[in-house]
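There are 4 protein chains.
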Amino acid sequence: MSLNTFGHLYRVTTWGESHGPAIGCTVDGCPPGVALTEADIQPWLDRRRPGTSKFTTQRQEADEVRILSGVFDGMTTGTPIQLMIENTDQRSKDYGDIASQFRPGHADVTYHLKYGVRDYRGGGRSSARETASRVAAGGVARAVLASLVPGLKITGYMVQMGTKPIDRSRFDADQIGQNPFWCPDAAMAADWAVYLDDLRKTHNSVGAVIEVVADGVSPGLGAPLYGKLDADLAAAMMSINAVKGVEVGDGFASVAQKGTQHRDVMTPAGFLSNHAGGILGGISTGQQVVVSVAFKPTSSLRLPVEGVDIDGNVVDIVTTGRHDPCVGIRATPICEAMLALVLIDQALRHRAQCGDVGAVSPRIPGHVDG
Amino acid sequence: MSLNTFGHLYRVTTWGESHGPAIGCTVDGCPPGVALTEADIQPWLDRRRPGTSKFTTQRQEADEVRILSGVFDGMTTGTPIQLMIENTDQRSKDYGDIASQFRPGHADVTYHLKYGVRDYRGGGRSSARETASRVAAGGVARAVLASLVPGLKITGYMVQMGTKPIDRSRFDADQIGQNPFWCPDAAMAADWAVYLDDLRKTHNSVGAVIEVVADGVSPGLGAPLYGKLDADLAAAMMSINAVKGVEVGDGFASVAQKGTQHRDVMTPAGFLSNHAGGILGGISTGQQVVVSVAFKPTSSLRLPVEGVDIDGNVVDIVTTGRHDPCVGIRATPICEAMLALVLIDQALRHRAQCGDVGAVSPRIPGHVDG
Amino acid sequence: MSLNTFGHLYRVTTWGESHGPAIGCTVDGCPPGVALTEADIQPWLDRRRPGTSKFTTQRQEADEVRILSGVFDGMTTGTPIQLMIENTDQRSKDYGDIASQFRPGHADVTYHLKYGVRDYRGGGRSSARETASRVAAGGVARAVLASLVPGLKITGYMVQMGTKPIDRSRFDADQIGQNPFWCPDAAMAADWAVYLDDLRKTHNSVGAVIEVVADGVSPGLGAPLYGKLDADLAAAMMSINAVKGVEVGDGFASVAQKGTQHRDVMTPAGFLSNHAGGILGGISTGQQVVVSVAFKPTSSLRLPVEGVDIDGNVVDIVTTGRHDPCVGIRATPICEAMLALVLIDQALRHRAQCGDVGAVSPRIPGHVDG
Amino acid sequence: MSLNTFGHLYRVTTWGESHGPAIGCTVDGCPPGVALTEADIQPWLDRRRPGTSKFTTQRQEADEVRILSGVFDGMTTGTPIQLMIENTDQRSKDYGDIASQFRPGHADVTYHLKYGVRDYRGGGRSSARETASRVAAGGVARAVLASLVPGLKITGYMVQMGTKPIDRSRFDADQIGQNPFWCPDAAMAADWAVYLDDLRKTHNSVGAVIEVVADGVSPGLGAPLYGKLDADLAAAMMSINAVKGVEVGDGFASVAQKGTQHRDVMTPAGFLSNHAGGILGGISTGQQVVVSVAFKPTSSLRLPVEGVDIDGNVVDIVTTGRHDPCVGIRATPICEAMLALVLIDQALRHRAQCGDVGAVSPRIPGHVDG
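Written as structure tokens, this is what we have:
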């Protein structure tokens, strides 16, 4: 992983800026012979698309993906798959002042410090618009995983918005798609709607925690020591815009646990608990893989704030573009995509070294994973 | 980063098992002309060394490092630096039962599931003993950073043990080296001694949070999007044994913050706060870089527990080797080393693309970083 | 270098098939602040473009390049540069039989053996059409090199066609652009025209040797041992379609030389000869870098030949598409591009590790390179 | 491939200098469960060992390899394998003048220009002594290949020394191990002995061509476009000390061939010829893979020559160390090792993407490869 490429064997290279003509990515290393059309990818993009409720940015983008290469007669050929999404609703005039100013909490200043030059329109390369490419690449990854690790299922949802966590006792997976927040707790979803509406009216923003899980992960995925499955997941999630923390399994809560509490006891019928989040020593156990991701509040706000401009002058900064009051809302499909990208890459790496993948391991007689 | 190599340009490849003849690493890509002898590396290893207090494992290892290549007349030559540490106090007989059993919460089972064969003695490759190589490589990195980014300072310390966090109002950096816990709060260090002694007597264990900071980081380090500074830090820390969570800056606490609270206001004299932990858009701002790392409780315990063996039989598992009751204690020098490794790698990557490194950026007139 | 990405720090990922909607590449890791527009890239593409003389394929492609990202206000921003070239003159019906047959000497059969599925139209991914992306990426590399290593000059030319080598005593660099063969020997260019016309009429083909040189290469480029400058050049050239051999400096001729003949004597005024081709121990000396590349004859011929089809049946194979009778003719700009890509990547790698690049080395007083 | 690491999935990182305490390498990514002891590696090292005939350097090295990690109970564990060879016969005093002088044709000057500092003793890192590590790593690769691609056989031999090529009509594979030159032509071996003796007495040296072939390579190996099998082979061979040229199949000779001559016709019983050297479009066809490698004459000679020293002064340079009059002699086991390293890496890469390896492809019914 480096620069704009993610993955080692299933390699995704993204390109494009928020207000350029298009964005996209190249998926290289994809196994051949997997059925794939735009229709397999578009639904994932539609879930991330802006402008679908009053709680997200009002920028209207069709986010229509085109496959330009690597697929022939509806089948992947093993050659690079180019996915392109045209930008259609750029309103660059919104960003006039930003050309010479730095929004606090935003990458404006660091891109300037690093490169000396930047495409400031809509945040340019640092915009969350780039995550559409991740979701598209993740869509391809899901199609491949479906053939390689049958039974694998990836699910993301929001477990906390601002100060308001869900009530785990009300967790209902069927609720996740029934509200604009990907919230598994129907009562909390209603609370959040009111809470976020209030925030939106005061032009403020708030953070969120997304949890993303994978069921049916085959045991043995993960390349210790520096390609551990959890190390890859941490990097993948932390590379998403606005993320400030990542946990696996019990995460920071495991600090206060005693060894006797935390250790997941293994029986012939499987593990009795999953504090580890499905990963031990950087390798999947076959249990559910569980990752939590902390998103900070949106930094682009209409509320004015003191700042400096490119010449070092003190200025009042007001951001007039269209923004999400809680970036975490649209982050669920993105976290899912990153999990898919990590899993497919690790599955191919495991197959390279160890020759098998996807099967329930026969290495412990009678062992049932999960 | 993949398999057993960490870093892209400053590349560290570690090798060795807990109870083999030696462990070590190759540092490749090191800039030439940096003064270096074993004496520059040994002090860092001595800080991580086991057996120095009753709170850590009683295994006695001199951890004496030898430079076998890459240094000539006390100067790095730009060629690979081989660092070797011989293992001297292996007591492999302690591990007899482990050959065919899996300690709960430990990598025993996943190495078996992945590879089908493993060196079970002392955890083999999955043992925390490997971290000595990281600390050695980090020692070299510090020597290089001293010449490349003068003024850079890396400091780690423990901020929570089990249920007991430090009191930030009593934070005193001078205390860090004065107790066996790298604790900046003298009163809490005394509490922890009692707390851990109790745990030790009941043969139980507990987790910890390590915080590690870097002062004097030059602005501009970090390669968006998939080589972001924070993504690299997350992977680096998560790759350490027993880590379950990583935060940058305010981390999970930023979720409950409003945008107006979280955004760090920039003035001609610098930033007014540092909720971001010194990183925006994956690039360093020039402020203090702040990372928090959650360690789970030690999983190897003398307290018996039900488990399965390699043939799927139910067995009672008792671990009789020597172990740390709180692995977090010796983790502070390891987290520091990983931070050093990330920073030197990013500094070289930045120099490659942008040509300068280490200087306070002249790109915003009058701008004082930090 | 792996799969469809070339380079380590200046990374080019190409995508696209001969008869798909478009081809292109992502240039990642490009230094920021370099002036760049389509007009800087197009001239290099025009030199490689098919259909410009009767000696090359009659496929008509404008090969018009578009920059979709990574450039803002005429300046590179350090973010990925996406270059796209639309395919406009695909005549896929020419390739009907090829769907189930394998042209001898062509990648048809190996793509089938490896992937089980392939885009057979025009050779799909294995078509030399992909080299347009290399030339485009090389155009960007030249713009960067112009700012990083001023005075660097890359020149390619053909030194042998079929059985007919040039006469070195008639070498005139000014002739290179004056004939359709990039031939520095005007008399031989005239011979080749007749020779190739005869071949063309008999529907046969022939090979060629391209020599490509770089003047003004700064000393010190090359990363021993496995990133040697010559190792990178060998891989770069061998990765071009139809290449079967690569030499540096005297190449295979150095086998028959004695040590006293081959060694290039160094004086305060520079080297007295250049048998080494500007590279010693994998590192540039500052002399002219010289690489020779052997191209095999085109394998797609109208002359029928026995072969097998996808079901193992014996068939008569006749290729009816449009092809170059000597692929070496259009290879000169491609070899130049690959040399540019290797040099920019090595220059950035050198700057990363050693901090300087492009200057005449001050390390030997009075030393004049070249 | 970069710096001192070769390979992508089967990764070899070498370290060490000619006159340091030891040299060695880390083999990372090795499949688990392969039987391996020092005795499997030592024979390959013994073939490359210096001092075994009067035609090679008189330096006496046991070249005894030790496995320090990655193998347990005689079986690879999938973790890094550290191989170490101690240096025992360093005579560094031979190299006194070299500290401040540059041998013509040698890497002395370029290491100085690149790094500003170098271990000059015996050529330090640029010494061919490093190739012992390659041969050791290649020995491990052969053990793995034996289990992964049964029937694979790698054979190297010398086909030209100086001005004297072998007579192909006298080619006898059984002769290869019967003379000190790995020569398959017994009559020519006798000629070479006289020829080289004469050269040695005049303190001069000469080059050589090594040919190395692999039988039983499974079809489908090679990752187009920039990880082509032939591109990897070109880089691998060019990375060996003193190599100036690489050919695949007919190489430069294919230039003068017509398309009808060069294309290898395929029949249900296999190919009728092998001009391609077993590779089409960068992918193995299943035929014999054939690579030729040109070695220049040894540059370290006792015959004095004018040169410059580190201060730019004109000096007389005389090399008094022990050297091979024809470095090509000991190059045969090295070329074989590099071929093994490329094949194992490509086999793992193929298995990752396509899932199978080593089997005769069933994709063309009745097709018999080779």
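Those sequence lines, one after another, are chains A, B, C and D.
Heads up, the first sequence is in this note's numbering, so the first residue is 1 and it goes up one at a time.
Heads up, the second sequence is in this note's numbering, so the first residue is 1 and it goes up one at a time.
Heads up, the third sequence is in this note's numbering, so the first residue is 1 and it goes up one at a time.
Heads up, the fourth sequence is in this note's numbering, so the first residue is 1 and it goes up one at a time.
Built from N, CA and C at the ideal position, the CB exists for glycine as well.
Check	Outcome
Pick from C:Pro150, C:Ala99 and C:Ile41: whose alpha carbon is nearest that of isoleucine 81 (chain C)?	C:Ile41
Three or more C-beta pairs under 8 Å: does that hold for the segment 263-271 of chain D against the segment 150-168 of chain C?	no
For lysine 114 (chain C), which three-state DSSP category applies?	helix
Considering leucine 148 (chain B), what are the terminal residues of the alpha helix (DSSP H) in which it resides?	131-148
From this set, D:Ser127, D:Pro180 and D:Ala208, which residue's C-alpha is nearest lysine 164 (chain D)'s C-alpha?	D:Ala208
With a cut-off of 9 Å, does the C-beta of leucine 145 (chain D) fall near any C-beta of chain A?	no
Taking DSSP's pairing of strands, which residues face leucine 83 (chain B) in a bridge?	B:Cys25 and B:Ile67
Using the Cα positions of threonine 320 (chain D) and aspartate 198 (chain D), report the straight-line distance between them to the nearest angstrom.	19 Å
How would you write the range of the beta strand (DSSP E) that aspartate 215 (chain A) sits in, first residue to last?	208-215
Measuring straight from C-alpha to C-alpha, what distance separates cysteine 335 (chain D) and valine 12 (chain D)?	15 Å
Between serine 361 (chain C) and chain B, is the shortest Cβ-Cβ distance under 9 Å, so that the two count as touching?	Since pLDDT at serine 361 (chain C) reaches only 46, below the 50 mark, its modelled position is unreliable, and no value is offered.
For chain D, check one thing: does any of its Cβ atoms lie closer than 9 Å to the Cβ of valine 9 (chain A)?	Valine is not the amino acid found at residue 9 (chain A); the sequence shown has leucine there. True, the Cβ-Cβ gap to chain D drops below 9 Å.
Give me the Cα-Cα distance between valine 194 (chain C) and lysine 201 (chain C), rounded to the nearest whole angstrom.	11 Å
Which of the three DSSP states is assigned to glutamate 247 (chain D) in this structure?	strand
If the cut-off is 8 Å on Cβ atoms, which residues from the segment 20-50 of chain C count as contacting chain A, listed in chain order?	Gly20, Pro21, Ala22, Ile23, Gly24, Thr26, Asp28, Gly29, Pro32 and Gly33
Helix, strand or coil: how does DSSP classify lysine 409 (chain D) here?	Lying before the first or after the last residue shown, residue 409 (chain D) is absent from chain D, which here runs from 1 to 370.
Measure the C-alpha to C-alpha separation of proline 333 (chain A) and valine 135 (chain A) and round it to an integer number of angstroms.	7 Å
May I ask you to list the residues that DSSP assigns as paired with threonine 155 (chain C)?	C:Val213
Whole angstroms are fine: how far does the CA of methionine 75 (chain C) sit from the CA of glycine 33 (chain C)?	5 Å
On the DSSP letters alone, give me the boundaries of the alpha helix (DSSP H) that glycine 307 (chain A) sits inside.	Per DSSP, glycine 307 (chain A) belongs to no alpha helix (DSSP H); it is in the beta strand (DSSP E), 305-308.
Using 8 Å for Cβ pairs, my map puts aspartate 97 (chain C) next to glutamate 17 (chain C). What's the rounded Cβ distance?	That pair is no contact at about 18 Å.
Listing by chain order, which chain D residues have their CB less than 7 Å from the CB of alanine 352 (chain A)?	Leu9, Leu348, Arg349, Arg351 and Ala352
Quick one: is alanine 269 (chain D) buried, meaning 16 or more other Cβ sit within 10 Å of its Cβ, or exposed?	exposed
Who are the Cβ neighbours of glycine 358 (chain D) in its own chain at under 6 Å, not counting the five residues just before and after it?	Bear in mind that the predicted position of glycine 358 (chain D) carries a pLDDT of just 44, short of 50, making it unreliable; the figure below should be weighed with that in mind. Cβ neighbours of glycine 358 (chain D) beyond the five flanking positions: Leu148, Val149 and Ser218.
In the segment 147-175 of chain A, which residues sit with their C-beta less than 7 Å from some C-beta in chain D, listed in chain order?	none
Counting only beta-carbon atoms, is glutamine 372 (chain D) nearer than 9 Å to chain C?	Nothing about residue 372 (chain D) can be reported from this structure: the residues present for chain D run from 1 to 370 only.
Helix, strand or coil for tryptophan 192 (chain C), going by three-state DSSP, please let me know.	helix
Using a beta-carbon distance below 9 Å, is glycine 78 (chain B) in contact with chain C?	yes
Report the partner residues of methionine 161 (chain D) according to the DSSP bridge assignment.	D:Lys164 and D:Ala208
Between which residues of its own chain and alanine 128 (chain D) is the CB-CB distance below 7 Å, once the five residues before and five after are set aside?	Asn241 and Val327
Would you call the CB atoms of isoleucine 176 (chain D) and phenylalanine 295 (chain D) closer than 9 Å?	no
At a Cβ threshold of 9 Å, is arginine 118 (chain B) touching chain D?	yes
How would you list, in chain order, the residues of chain A whose beta-carbon sits under 9 Å from the beta-carbon of glycine 355 (chain B)?	Simply none; closest approach about 10 Å.
Hey, out of D:Ala234, D:Met237 and D:Ser133, whose CA is closest to arginine 66 (chain D)'s CA?	D:Ser133
9 Å is my cut-off, CB to CB: does glutamine 257 (chain D) come that close to chain C?	yes
Please classify leucine 348 (chain A): does DSSP put it in a helix, a strand, or coil?	helix
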